[in-house]
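Each residue of the sequence shown is one higher than the one before, counting from 22 in the numbering used here.
C-beta: ideal position from N, C-alpha, C; glycine also.
Small disclaimer: the values here were computed from a predicted structure and weren't measured.
Just below is one structure, and these are the notes that go with it.
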Amino acid sequence: MNKKEFNDALLEFLDASPTPFHATDNMAKMLENAGFKELKEEEDWKLQRAGRYYLTRNDSSIIAFTYPETSHYLMLGAHTDSPNLKLKPNPLIKEHGVIKFSVEPYGGLLLNPWFDRDLSLAGKISYLNTQNKIEERLIDVQKPIAVIPSLAIHLDKQANKNRTVNKQTDISPILSCSDTFEFEDLIRKAMKKNKIDTIKELYAWELSLYDTQKASYVGVDEDFIASARLDNLLSCYISLLTMCVSDPNSPMLFIASDHEEVGSRSSAGAAGSFLENTLTRIFPHYDDYMRMIRTSIMISTDNAHALHPNYADRHDKNHAPLINRGTVIKVNSNQKYASSITGISKFIHVAKSIGEPYQRFVTRSDMGCGSTIGPITATRIGIETLDIGLPTFAMHSIRELAGTYDAYSLWKILTQWHQYSM
Ligand code: ZN
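Okay, here's the thing in structure tokens:
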């Protein structure tokens with residue numbers, strides 16, 4: 022797979038994954054195509070040596086693993102969720118001649134870029150079917166049905182100086198001028214489009230707004246990739262592709278968890294039990310489990326802030342990552358990132374061995390610092406952990422920007438990890 026093929030497939034994955042549910046579904050399909058077998062948590066497992074397996078939880082988190090006769094696992098971690106606007110349970114507001122969606126922000130999203138975008142709706146619904154059974158399905162409306170119009174500058178002379186955005190009152194997307202519009206009609210139409218015709222009554226949903234503008238290459242030499250959800254579907258894609266080409270005799274595991282953007286504390290989140298539950302089923306004897314943990318490494322990949330050329334003072338100038346200059350190794354002495362010097366050395370050794378670039382990031386000492394699933398996983402299961410990521414601009418905007426060289430470079434490093442890291 023060359024860089025162009027790799028990036029083209031990345032763009033497709035981003036567009037096909039408007040929610041963590043869709044991302045998980047797409048990753049499951051890619052694993053199936055690569056020969057992985059699905060496991061269900063509620064069933065008995067009969068693992069075969071040199072088998073390759075995957076399982077999901079909440080339809081929004083996924084684990085895939087190989088099952089060789091050895092420890093020394095390379096584990097790859099990422100998260101499936103991105104900041105967005107979610108529909109509230111009573112989803113409509115009818116006032117001032119329009120119908121609006123009632124929304125709640127999910128995660129720390131940059132609100133301003135959500136204005137004047139052609140928005141659609143996707144997620145999971147739960148309903149009573151025609152056989153009187155509760156059923157759950159993913160839906161995607163797939164066309165622009167809503168917009169949050171900006172307030173004109175003539176109505177707010179201070180707009181470019183100090184306009185703030187109120188999360189309760191300023192960001193309701195408008196979707197219709199009709200008096201007769203019903204939410205369930207919209208869902209029924211979307212279900213029909215998604216070839217589901219068994220609904221009797223809609224009970225509950227987890228639906229998010231998303232930008233219908235497709236992911237694209239940007240720049241005179243196509244140096245950039247612009248898309249929604251690069252944080253963290255970019256890392257999901259790289260880690261997943263690494264998994265897909267893995268040798269069944271090579272110990273590898275991939276986990277992508279939901280709810281990272283809101284602290285990871287859920288049954289499907291990295292602070293939950295999904296990984297630990299799975300590992301203890303793969304290694305039912307405690308000694309084997311501990312031997313595996315102590316010989317393995319978790320590489321947590323999550324996007325890193327590239328030095329913004331218009332705001333260069335926001336970085337420590339000695340630790341300021343640049344776009345298209347390679348994977349970023351994240352360090353924080355206060356353990357917001359879990360990278361240890363052992364993991365860092367291994368990563369540098371693999372990168373150098375195959376001639377791929379890398380960079381180092383430390384946040385300014387007088388500024389706060391994000392975190393990742395790295396420290397959470399290290400704390401939960403006691404595994405050696407490395408926090409890395411790809412340099413990006415506009416993190417948590419509705420349209421983020423990454424480089425066209427970095428993802429492919431990291432993929433090459435991860436696919437050759439076992440060959441050079443020992
Ligand atoms: Zn992230």
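L422 and N324 have their C-alpha atoms spaced approximately 11 Å apart. In the three-state DSSP reduction, W226 falls in the strand class (E or B). Residue side-chain check: N111 keeps its Cβ at 7 Å or more from all non-hydrogen atoms of ligand 1.
For the 8 Å CB-CB criterion, E125 and K107 form a contact. Residues lining ligand 1 by the Cβ criterion, that is a Cβ closer than 7 Å to any of its heavy atoms, are H100, D252, N253, E281, E282, D323, N324 and T393 in chain order.
With respect to the 8 Å criterion, H43 and L159 are classified as neighbours on the basis of their beta carbons. In this chain, L132 is not harboured by any beta strand (DSSP E), its DSSP state being neither H nor E. Between I314 and A327, the CB-CB gap reaches or exceeds 8 Å. For the beta strand (DSSP E) assignment, the uninterrupted runs of no fewer than 3 residues enclosed by the region 135-214 are, from N- to C-terminal side, 140-150, 155-161 and 195-197.
Shown here for E297: same chain residues with a beta carbon closer than 8 Å to its own, the five before and five after excluded, namely R401 and I402 in chain order. One alpha carbon belongs to I259, the other to H117, and they sit about 46 Å apart.
Following the DSSP letters along the chain, one finds M48 inside the alpha helix (DSSP H) bounded by residues P41 to N54. Counting only residues of its own chain and dropping the five nearest sequence neighbours on each side, L435 has a CB closer than 6 Å to the CB of T263. Its chain contains S287 as the residues whose beta carbon lies nearer than 6 Å to that of G293, once the 5 sequence neighbours on both sides are disregarded; these appear in chain order.
Each residue's CA atom was taken as its position, placing L132 and Y231 some 13 Å apart.
Counting along the chain, no beta strand (DSSP E) covers M311; the unbroken alpha helix (DSSP H) around it starts and ends at Y307 to T316.
Cβ-Cβ separation between V239 and A247: approximately 5 Å, consistent with a contact (criterion under 8 Å). Taking the C-beta atoms as reference points, H340 is found nearer than 8 Å to R381. In this structure, L68 sits away from Y94, with a CB-CB distance that is not shorter than 8 Å. In this structure W432 touches F27 by the C-beta definition: roughly 7 Å separates them, less than 8 Å. Taking I114 as the centre and dropping the five residues before and after it, the same chain places the C-beta of I120, K121, F122, S123 and S193 closer than 8 Å to its C-beta, in chain order. The C-alpha of K145 lies about 6 Å from the C-alpha of W226. Contact between the region 275-286 and the region 374-394 is established, with three or more Cβ pairs separated by less than 8 Å. Measuring C-alpha to C-alpha distances from I174 to each of K50, V168, I166 and R184 identifies R184 as the nearest. Classified as buried, S317 has 16 or more neighbouring CB atoms from the shown chains inside 10 Å of its CB. In the structure shown, the three-state DSSP call for A277 is strand. Look at the beta carbons and you see the region 351-366 not touching the region 304-311: under three pairs across the two are nearer than 8 Å.
Cα atoms of P134 and A415: separation of roughly 10 Å, rounded to the nearest angstrom.
The C-beta of L300 has 16 or more other C-beta atoms within 10 Å across all chains shown, which makes the residue buried. In this structure F204 is in contact with P112, their Cβ atoms being roughly 5 Å apart against a cut-off of 8 Å. For P170, the closest C-alpha among the options M51, Q189 and I195 is that of I195. As for any beta strand (DSSP E) of minimum length 3 sitting wholly inside the region 284-372, the runs are 318-322 and 348-351, ordered along the chain.
Here G391 carries a coil assignment [DSSP, helix/strand/coil].
A direct Cα-to-Cα measurement between S366 and M319 gives close to 14 Å. Sorting L52, R70, E53 and T77 by C-alpha distance to the C-alpha of E63 places T77 at the top.
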